[in-house]
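S.K.: Numbering (the numbering used here), first residue to last: 370 to 645.
Just so you know, even glycine gets a beta-carbon here, dropped at the ideal spot from N, CA and C.
The structure under discussion is supplied below as structure tokens; questions concerning it will follow.
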Ligand code: KMH
Ligand code: ZN
């Protein structure tokens, strides 16, 4: 592996499906709040957004109308790559998860296997994975392969073998979910080593693992994801006051590590998003 000279892509995941206002009062929930938060994050260096929609009362939803509204409000404010979650919330039906694609994101998450997710089961059965992959391929939506363990990289490889992925795979190694691969430097290298095919890769580290893992990823050629979906703290015992604060730190770290921060246009090229 050689050092990447590509600019680093910073993804912001501002809301997620699990975090509540009780945990962090700055969590953006409504389409307006999410769009404002994404614009602030874009001004600090984020070039991709990973969207989960909520109803105004905070309940997760996959209603394509709400998702479209969020995307529209973001596009009015800035030009980030629009990514959406098909993982949505644990327990949602296949139909609820597939309909996310009706909102026509540029990128969508494609979770590559089932796992225990804290005290729950995050069901990603083979039929759902295949249905999502086929639909994304047909619609020209770039799948972001969310892999929570080494075995899921093998599943990603099978999708590629089956011709269900166009172009080099785009990986997101999710590390530190209770039930998934533990977050450690060794395990990040193991994930990297077990990619069947080369392709751009991002690291999502849960909770206190976000900072060291995204920093390590940036140092060795990967891309960074930060935001309240994965981590609500700026440092131990201190809540972050915005997603933009976390993005700004990622940008500063990247600068110190000698990597420039990708613009949205560069992010489209690097990640292989259509219309790059
Ligand atoms: N909310 C989690 C159960 C994704 O965005 O695709 C899954 C998740 C993954 O957030
Ligand atoms: Zn997500």
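1) Does the contact criterion of 3 or more C-beta pairs under 8 Å hold for the segment 478 to 489 versus the segment 509 to 529?
2) Less than 8 Å between the beta carbons of residue 420 and residue 456, yes or no?
3) From residue 615 to residue 395, what does the alpha carbon distance come to, in whole angstroms?
4) Quick one: give me the first and last residue of the alpha helix (DSSP H) that residue 520 is part of.
5) Since I believe residue 544 is in contact with residue 552 (beta carbons under 8 Å), could you give me their beta-carbon distance rounded to a whole number of angstroms?
6) Measuring from the CB of residue 556, is there a heavy atom of the ligand KMH at a distance below 7 Å?
7) Mark residue 425 as exposed unless 16 or more other C-beta atoms lie within 10 angstroms of its C-beta, in which case mark it buried.
8) With DSSP collapsed to three states, give me the class of residue 402.
9) Residue 640 and residue 534 - do their beta-carbons sit closer together than 8 Å?
10) Measure the CB-CB distance between residue 422 and residue 380 and report whether it falls below 8 Å.
11) Taking a cut-off of 7 Å, which residues have a beta-carbon closer than that to any heavy atom of the ligand ZN, in chain order?
12) Can you name, in chain order, every residue of its own chain whose Cβ lies under 7 Å from the Cβ of residue 468, other than the five neighbours on each side?
13) Helix or strand or just coil, what does DSSP make of residue 550?
14) Just the Cα atoms here: how many angstroms apart are residue 583 and residue 507?
15) If we call anything under 8 Å between Cβ atoms a contact, is residue 476 one with residue 510?
16) Please state if the CB of residue 572 and the CB of residue 604 are separated by a distance shorter than 8 Å.
17) Is it right to say residue 591 is buried, meaning 16 or more other beta carbons lie within 10 angstroms of its own, or is it exposed?
18) Extract the residue ranges of the alpha helix (DSSP H) inside the segment 546 to 590, only unbroken runs of 4 or more that lie entirely within it.
19) Got a sec: does the ligand KMH put a non-hydrogen atom nearer than 7 Å to the Cβ of residue 491?
20) Name the DSSP bridge partner or partners of residue 477?
21) With respect to the beta strand (DSSP E) encompassing residue 421, which residues constitute its N-terminal and C-terminal limits?
22) Got a sec? Which residues, its chain only, sit under 7 Å from residue 578 by beta carbon, not counting five neighbours each side?
23) Can you find the residues in the same chain that come closer than 6 Å, C-beta to C-beta, to residue 410, ignoring five residues on each side of it along the sequence?
24) From the DSSP secondary-structure annotation, give me the bridge partner or partners of residue 649.
25) For residue 608, write down the residues that DSSP places opposite it in a beta bridge.
26) Taking DSSP as the reference, what is the three-state secondary structure of residue 377?
27) If you reduce the DSSP assignment to three classes, tell me which class residue 434 lands in.
M.R.: Checking against the coordinates, here is how it stands:
1) yes
2) no
3) 13 Å
4) 519 to 530
5) 4 Å
6) no
7) exposed
8) helix
9) no
10) no
11) 382, 385, 386, 419, 421, 454, 456, 478 and 598
12) 431 and 433
13) coil
14) 32 Å
15) yes
16) no
17) buried
18) 554 to 562 and 579 to 588
19) yes
20) 453 and 512
21) No beta strand (DSSP E) contains residue 421, which DSSP labels as neither H nor E.
22) 544, 545 and 552
23) 381, 612, 613 and 616
24) Residue 649 is absent from the structure shown; the chain starts at 370 and stops at 645.
25) 602
26) strand
27) helix
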